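Colleague: Using the numbering used here, you'd call the opening residue of the sequence shown number 27 and step up by one each time.
C-beta atoms are modelled at their ideal positions from N, C-alpha and C, and glycine is treated no differently.
Nothing here was measured: the structure is a model prediction, and the numbers come from that model.
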Amino acid sequence: MKFKSAIKPYHAAAGGWGSLEATTRFVIDSKHALKNLRNLMRMNKAKGFDCPGCAWGDDNKSTFSFCENGAKAVTWEATRRFIDHEFFAQHSVSKLYQQSDYFLEYQGRLTEPLRYNPQTDHYEAISWDDAFALIGQHIKALDNPNQMELYTSGRASNEASYLYQVFGRMVGTNNFPDCSNMCHEASGSGLKRSIGVGKGTIHLNDFDKANAIFVFGQNPGTNHPRMLHSLRHAAENGAQIVTFNTLRERGLERFADPQKPLEVVTPLAGNISTYYYQPNLGGDMAAIRGMAKALLETHRQQLANGDAGIFDQAFIDENTHGIEAWFAEIDNTNWAHITQQSGLSEQQLRDAASVWQQAERVICTWAMGITQHKHSLNTVREIANLQLLGGHLGKPGAGLCPVRGHSNVQGNRTMGIDEKPSAALLDSLAAHFEFEPPRAQGHNTVEALAAMLRDEVKVLIALGGNLAAAAPDSPRTEEALQRCGLTVHISTKLNRSHLVPGKAALILPTLGRTEEDMQASGRQFITVEDSFSMVHASEGIGKPIADTQRSETAIVAGIADAVLGNEKLDWLALADDYNLIRNHIAATLPGFKDFNQLCEKPGGFYLGNAAAELRFNTPSGKAEFSAAPLPDSLFGKLNAPFTLQTLRSHDQYNTTIYGLDDRYRGVYGQREVLFINAEDLAELGLQDGDLVDIETVWNDGITRKVSGFKIVPYNIPRGNLAAYYPETNPLVPLSSVGDGTGTPTSKSVPVKISRSASVETQRIA
């Protein structure tokens, strides 16, 4: 398809008519308009299906429980366009590789199992039985089980994820790299160290009760638009919303509710942020430290005056450990360091601290703008420190709220998709299934790719996702995949990963979240877990586009049966009746007793959160303050003129490119753009619209460079840049990961820019 390119500012509020118009356009383009309108009316509803997009919670009150980007996800999946072996007979893998990511997915749904033929460079049809047999042959030939990597996307259901991890551990590996490794690992790891639970502590309705909400490093208008409803309602209820985000994002400024007719057809809109601060990339920890320093000064002044102080001392004394070490670290941190690193003034941080001080109930919420830096784990812990000071835990309208990305990424981890499994999980699996699971730590995503590059991986199975496009250092990621003996991709649509096959390769077509899942025992439902620890039943309603597609659960069971047989577990019987899988989950995982009965509860059921009940599963039995120092710099001794963050456009979800527009940022018909501060642009002697090359400043002798990016002035602090992924993933070094997380530092990439020698946009070599 051809797109008209333009850069033109967007002055309207987020949502409103623009959202309604875009939703309508995508519904019509799916060629299944009536079907998809019915689908949207059943999305996030009882006896309907859960949104295949983000993991925001359901309010169970709205007539329309979907957002613009949720509608895009549904219509993108429920299209009449399809591809089969005839398509691949006409298109070689090498030729398809030259196409854009948008082109690949736009071709439609995969409908039959396919096997790569390296002699012809084409995919060819293969039967399901032969595909499973080929997988079994490769896995049985492994020298040891750790030569297998089992990757998981956050889209996979609880049932499929649970079977997947049981299968892997019965084979003998804990190699479960997953999408969480690349996005929210700092949230889980940081919160576990601070409060003993790696999940958020609040309910969705706590937003209605909060006096202040601090939003760190997220863009809900694009990444989880339903959150704007919660923020809007909170603001209308009088909550002060304080935003820390490097880019000025429209959704965090003004929002017109598309479900309110008057706001669709008039300029009416609600303000979101009371205060909007734009820290440097990687400067959020310093900003929070500055708030804490200001609060500590006020607290001590009040104590010196004979007053009680501003902190919740009773909560601190009863529930926390380590505050004095943190206070000492605050005292050792000077304001010059704080303001230089954060990019914010002392007065701005004192103003933000004043909002926190005056609020009785505070929520802190964050996303990947916090979690994809070298010091992300400590930043998450600094947020937890702030909340512990005021006792903003375990009471209505207050708590910690990491906002996960994909719809079931939190559920995957609950189900045991974890390269660092707990002893309790392994003991439970061992007792129930009567086998000894492996105890050694497995690979995260970056470690798995490194192992592939060392030729230590013979089999990669990817349960969803698009690893070649999602992972950093794209040329090395692609080389890693091609070094595998067998790559297996369980997918709904064609994507970049299919075009960098291993020595042998399979594509297995799966059902989508929107589609009816009929098995031998009848129609099935699956479950997912949202960011608020609510588990929902999800039941697709649309007819599959082909009877050769299979559910993720059935595919995992088919692979397991081909490898392990039915001696320990009748895998095919589990695929016939998902209630049996849920019975195993109930017997082995805490919080899932009577799982099948709980699934009948409208709106889902709450798994619970020990920290929200002030029970802390930490070594001390209390919530732990972190006393980490601020980093001296983001990049050590490297001297880079700019820091780049990679981000999504508005017509995008993770690596899925729905279109080439980014409406709220004023970009249309193109993706290879670079956002820059206007003063930096002038200092470089460049002009709006010039083409530039972006090159990573790193210390391993590898050139990482992308070319032909159009430069666009934007409201972003000096020294900071932003560009879309996966186009700029080649710039993120595979070796640049978060301390204690292994997460690629995609929000803080040291780069330099120069005028392009060629006007031609080029793929990275």
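Taking C-alpha atoms, which residue in 141, 407, 261 lies nearest to residue 218?
Modeller: Looking at the Cα atoms, 407 is the closest of the given residues.
Colleague: Considering residue 733, what are the terminal residues of the beta strand (DSSP E) in which it resides?
Modeller: Element bounds for residue 733: 731 to 739.
Colleague: Going by the beta-carbon positions, is the gap between residue 99 and residue 679 smaller than 7 Å?
Modeller: Yes, they are a contact pair.
Colleague: Within 10 Å of its beta-carbon, does residue 785 have 16 or more other beta-carbons around it, so buried, or fewer, so exposed?
Modeller: Reliability of the predicted coordinates at residue 785 is poor, the pLDDT of 48 falling under 50, and no value is obtained from them.
Colleague: Could you tell me the alpha carbon to alpha carbon distance between residue 344 and residue 199, rounded to whole angstroms?
Modeller: Taking the straight line from one Cα to the other gives about 41 Å.
Colleague: Do the segment 522 to 531 and the segment 485 to 499 make contact, defined as three or more Cβ pairs closer than 8 Å?
Modeller: In short, these stretches touch, since the Cβ pair count reaches three.
Colleague: Where does residue 777 sit, in a helix, a strand or coil, going by DSSP?
Modeller: Strand.
Colleague: Out of curiosity, what's the CA-to-CA distance linking residue 276 and residue 443?
Modeller: If you take the alpha carbons of residue 276 and residue 443, they lie about 35 Å apart.
Colleague: Give every residue of the same chain whose Cβ lies closer than 8 Å to the Cβ of residue 153, excluding the five residues on either side of it in the sequence, and list them in chain order.
Modeller: Only 139 meet the Cβ criterion.
Colleague: Taking 7 Å as the threshold (C-beta atoms), are residue 516 and residue 532 in contact?
Modeller: No.
Colleague: Using only alpha-carbon positions, find the residue among 630, 318, 775, 641 that is nearest to residue 230.
Modeller: Taking only the C-alpha atoms, the option nearest residue 230 is 630.
Colleague: Using C-beta distances below 6 Å, list every residue in its chain close to residue 474, excluding the 5 sequence neighbours before and after it, in chain order.
Modeller: Excluding positions up to five away in sequence, the list reads 175, 203.
Colleague: For the 8 Å Cβ check, are there 3 or more pairs between the segment 666 to 676 and the segment 741 to 757?
Modeller: At 8 Å Cβ cutoff, the stretches touch.
Colleague: Can you tell me where the alpha helix (DSSP H) with residue 414 in it begins and where it stops?
Modeller: That run of the alpha helix (DSSP H) goes 402 to 415.
Colleague: Given residue 460, which residues of its chain have a CB within under 6 Å of its CB, disregarding the five upstream and five downstream residues?
Modeller: Correct list: empty, nothing qualifies.
Colleague: What residues in its chain sit with their C-beta under 8 Å from that of residue 634, if we drop five residues either side in the sequence?
Modeller: Taken in chain order, the residues that qualify are 559, 617.
Colleague: Taking only three categories from DSSP, how would you classify residue 230?
Modeller: Here residue 230 sits in helix by DSSP.
Colleague: Measuring alpha carbon to alpha carbon, tell me which residue in 117, 347, 151, 327 is nearest residue 650.
Modeller: For the residues 117, 347, 151, 327, the minimum Cα distance to residue 650 belongs to 347.
Colleague: Report yes or no: do the segment 688 to 699 and the segment 115 to 122 share at least 3 C-beta pairs separated by less than 8 Å?
Modeller: Contact between the segment 688 to 699 and the segment 115 to 122 is absent, because fewer than three Cβ pairs lie under 8 Å.
Colleague: Should residue 689 and residue 142 be called a contact, given that it needs their Cβ atoms to be closer than 7 Å?
Modeller: Not a contact, by the Cβ cut-off of 7 Å.
Colleague: Of all the alpha helix (DSSP H) runs that stay within the bounds of the segment 472 to 501, which reach a length of 4 or more residues?
Modeller: You should have 493 to 496.
Colleague: Hey, is the segment 607 to 624 in contact with the segment 438 to 455, meaning 3+ C-beta pairs nearer than 8 Å?
Modeller: Because the criterion of three Cβ pairs below 8 Å is met, the segment 607 to 624 and the segment 438 to 455 touch.
Colleague: Which two residues bound the contiguous beta strand (DSSP E) that contains residue 746?
Modeller: Here the beta strand (DSSP E) through residue 746 covers 746 to 750.
Colleague: Can you tell me whether DSSP reads residue 782 as helix, strand or coil?
Modeller: Coil.
Colleague: Kindly provide the ranges of any beta strand (DSSP E) runs that are 3 or more residues long and lie completely inside the segment 129 to 189, ordered along the chain.
Modeller: Here the runs fully enclosed are 140 to 143, 148 to 151, 174 to 178.
Colleague: Using the Cβ count rule (16 or more neighbours within 10 Å means buried), how would you classify residue 144?
Modeller: It counts as exposed.
Colleague: How long is the line joining the alpha carbons of residue 336 and residue 378, rounded to whole angstroms?
Modeller: So the alpha carbons of these two residues sit roughly 15 Å apart.
Colleague: Please list, in chain order, all residues of the same chain as residue 707 whose beta carbon is under 6 Å from its beta carbon, the five residues on each side excluded.
Modeller: The answer, listed in chain order, is 739.
Colleague: How about residue 399 and residue 774: do their beta carbons lie closer than 7 Å?
Modeller: Going by C-beta atoms, residue 399 is nearer than 7 Å to residue 774.
Colleague: Which residue marks the beginning of the alpha helix (DSSP H) containing residue 213, and which one marks its end?
Modeller: Run containing residue 213: 211 to 221, per the alpha helix (DSSP H) assignment.
Colleague: Judging by CA-CA distance, which residue of 417, 595, 428, 254 is the nearest neighbour of residue 16?
Modeller: Beyond the ends of the chain as shown, which are 27 and 791, falls residue 16; an answer cannot be given.
Colleague: Report yes or no: do the segment 190 to 198 and the segment 382 to 398 share at least 3 C-beta pairs separated by less than 8 Å?
Modeller: Output reads no: the segment 382 to 398 does not touch the segment 190 to 198.
Colleague: Grouping DSSP H, G and I as helix and E and B as strand, with all else coil, what is residue 319?
Modeller: DSSP places residue 319 in helix when its eight states are reduced to three.
Colleague: Indicate whether residue 15 and residue 479 have their beta-carbon atoms separated by less than 7 Å.
Modeller: One cannot answer for residue 15 here, as it falls past the ends of the chain, which runs 27 to 791.
Colleague: Rounded to the nearest angstrom, what separates residue 314 and residue 235 at their Cα positions?
Modeller: Between residue 314 and residue 235, the C-alpha separation is close to 23 Å.
Colleague: Whole angstroms are fine: how far does the CA of residue 570 sit from the CA of residue 552?
Modeller: Approximately 16 Å between the Cα atoms of the pair.
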